[in-house]
Amino acid sequence: MAGGDSERSEPLIEAEVGEEGANSGGQWWKKALVLDTEETKKQVLFSLPMILTNGSYYLITLISVMFAGHLGQLHLAGATLANSWATVTGYALMIGLSGALETLCGQGFGAKSFRMLGIHLQASCITSLLFSVIVSLLWFYTEPLLIFLRQDTQIAQTAALYMKFLIPSIFASGFIQNILRFLQTQSVVKPLVLFSAIPLVIHIGITYYLVHLTPLGFKGAPLAVSITLWLSFFMLATYVMFAKEFERTWQGFSVESFCYILTNLKLALPSAAMVCLEYWAFEILVFLAGLMTNSEVTTSLIAIWLASHVNTEAIAYNIIYGLSAAASTRVSNELGAGRPDQARSAMLVTLKLCGLLAIIIVLALGFGHNIWAGCFSDSSTIIKSFASMTPLLVISIILDSFQGVLSGVARGCGWQHIAVYVNLAAFYFVGMTVASLLAFTFNLHVKGLWIGLICGLSCQGGTLLFITLRTKWTKLQLSENREKEDPILA
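Here the sequence shown is numbered in full-length UniProt numbering, starting from 1 and rising by one per residue.
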């Protein structure tokens, strides 16, 4: 950020807390017990559209998996594996790369540097396009890679076929994520519901038609995803280019955006690593499940069973991401405007709202787990196993809810480089180590994998909370000279 030399000379983490700091800290926690009505209203009105939007985009890919799954167990296992592979190698990367805009556009909007929002959007789209080309090549050669990772040959072949028809979707996904961040940082969220819900409804019809009424069959499911995401992108792009409310922030295409690609990459790469490390930890569970042998449940059924848990966790995460986006936007806007106290207050409100939302999700899962499990499989074994794992799933959802909001705060503040190391240590040095030991050494199998995930989430959330509470928020402001055209430097 501008003025970084003077600000970064002082540590982000306070070494000591004096008597005054201790007293203010006590008052701070007393305030934490009460909701700020005005701030709560802002965040609820912001979060609900974002929850619906993220849920719609997630359901687009999930619906295709469900349609494919009803063609047979092999098709379900292949589509599930392909969806996991697409997430860890492509979709998560696009979400992460767009995270740079949460800092650049968020703080830029707060600092009233409106023209630069459009420039940063274009630079981010160029970055996403370049990475999409690389991802598309990776997806084309999915089969040998999955077999190398010791996945079942038949399932790997089926997943590879699914992936080839998903390739066009990765380009659309990258552009969509950037436009969503561009709009999100300006608190323009209500129209997003329309631009995601309409494609979702259309997607159901497209998928049914391609899978059941054309010779494409199984291949029609991923092709429907590609068609739907491109439709959504064109709707969003048209809105941004022609809506009057973006006259200040979108002033047309400019070659100047190429000058900001490096600036974008300095935040986009750690942001992508931050998101991917977390996504990979969840999806690696599916791959590890494929390495297990079970005399009562086949390898494909294990993958389906665990995938249903991962999809449940992912849906909960997408709901919580609405609050995470609210935290990121409110914090970045307030810091850009030079109001760190309001940024901290906004974070506190988001955490409390997150707790309430987590309780609602947990209650819904507790009373409706059998119905939900039935959406993924008709197998009574899978449904019973899902019920037995519900307590662990509940714990992971609660932990993931709070860390999701704290990650949003990190993106809003531009702490992506710190969060990368936190996620790496929490999920891989702690979470995956515990998961592997419990699953394979102590023979707890899939329960061991999930307990390891819970350990990783606990470490991640605890560390991010410590950093957030101990951070000198006044040191996160932009330069006081906000008259500069672009006050935000990576």
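C-beta: ideal position from N, C-alpha, C; glycine also. Every value quoted in this text rests on a predicted model; they were computed, and no experiment measured them.
1. Between residue 221 and chain B, is the shortest Cβ-Cβ distance under 8 Å, so that the two count as touching?
2. Give the secondary structure of residue 470 by DSSP, where H, G and I count as helix, E and B as strand, and everything else as coil.
3. For the segment 322-342 and the segment 363-371, state whether three or more C-beta atom pairs, one from each stretch, are separated by less than 8 Å.
4. Taking the alpha carbon of residue 218 as the point to measure from, which residue in 58, 449 and 75 has its own alpha carbon closest?
5. Below 8 Å between beta carbons: does that hold for residue 132 and residue 229?
6. Just tell me which of 118, 328, 452 and 153 has its CA closest to the CA of residue 182.
7. Judging by CA-CA distance, which residue of 347, 151 and 410 is the nearest neighbour of residue 84?
8. In or out: residue 259 buried (at least 16 other Cβ within 10 Å) or exposed?
9. Smallest Cα separation from residue 81: which of 208, 42 and 159?
10. What three-state label does DSSP hand residue 498 in the structure shown?
11. With DSSP as the reference, label residue 338 as helix, strand or coil.
12. Check whether the Cβ atoms of residue 424 and residue 277 lie closer than 8 Å to each other.
13. If we ignore side chains and look at the alpha-carbon of each, how far apart do residue 194 and residue 234 end up?
14. Residue range of the alpha helix (DSSP H) that residue 430 falls in?
15. Out of 408, 384, 318 and 374, which has the shortest C-alpha to C-alpha gap to residue 348?
16. Residue 463: buried (16+ other C-beta within 10 angstroms of its C-beta) or exposed?
17. Would the beta-carbon of residue 322 fall within 8 Å of that of residue 103?
18. Name the residue from 391, 67, 443 and 441 whose alpha carbon lies nearest to the alpha carbon of residue 213.
19. Please report the straight-line C-alpha distance between residue 60 and residue 180, rounded to a whole angstrom.
20. Check the C-beta distance from residue 165 over to residue 223 and give it rounded, since I have them as a contact under 8 Å.
21. If you count every other CB in all the chains shown that lies within 10 Å of the CB of residue 441, and 16 or more means buried, which is it?
22. Counting along the chain, where does the alpha helix (DSSP H) carrying residue 84 start and finish?
23. Using 10 angstroms around the beta-carbon of residue 359, count the other beta-carbons present and answer buried if the total reaches 16, otherwise exposed.
24. If contacts are defined as beta-carbon pairs under 8 Å, then residue 418 and residue 410 qualify, I think. What distance do you get, rounded to the angstrom?
25. Could you spell out where the alpha helix (DSSP H) holding residue 145 opens and where it closes?
26. Between which two residues does the alpha helix (DSSP H) carrying residue 41 extend?
27. Can you have a look at residue 391 and say buried or exposed, based on whether 16 or more other CB atoms are within 10 angstroms of its CB?
28. If we ignore side chains and look at the alpha-carbon of each, how far apart do residue 297 and residue 326 end up?
29. State the DSSP-derived secondary structure class of residue 423, mapped to helix, strand or coil.
30. Express the C-alpha separation of residue 73 and residue 177 in angstroms, rounding to a whole number.
31. May I have the straight-line CA-CA distance separating residue 128 from residue 91, to the nearest angstrom?
32. Suppose you measure from the CA of residue 255 to the CA of residue 122; what does that come to, to the nearest Å?
33. What are the start and end residues of the alpha helix (DSSP H) that includes residue 168?
34. Got a sec, what are the start and stop residues for the alpha helix (DSSP H) residue 102 sits in?
35. Assuming residue 329 contacts residue 458 (C-beta within less than 8 Å), just tell me the rounded distance between them.
Let me spell this out:
1. Within the model displayed, chain B is absent; a lone protein chain is all it includes.
2. coil
3. no
4. 75
5. no
6. 118
7. 151
8. exposed
9. 159
10. Past the boundaries of the shown model lies residue 498; the chain is included only from 1 to 490, so the question cannot be answered.
11. coil
12. yes
13. 13 Å
14. It is not in any alpha helix (DSSP H) - residue 430 carries neither H nor E in the DSSP assignment.
15. 408
16. buried
17. no
18. 67
19. 16 Å
20. 4 Å
21. exposed
22. 73-86
23. exposed
24. 7 Å
25. 142-148
26. 37-69
27. exposed
28. Per-residue confidence for residue 297 stands at a pLDDT of 47, beneath the threshold of 50, marking its modelled position as unreliable; no derived number is given.
29. helix
30. 32 Å
31. 11 Å
32. 9 Å
33. 167-184
34. 92-110
35. Not confirmed; about 27 Å, so no contact.
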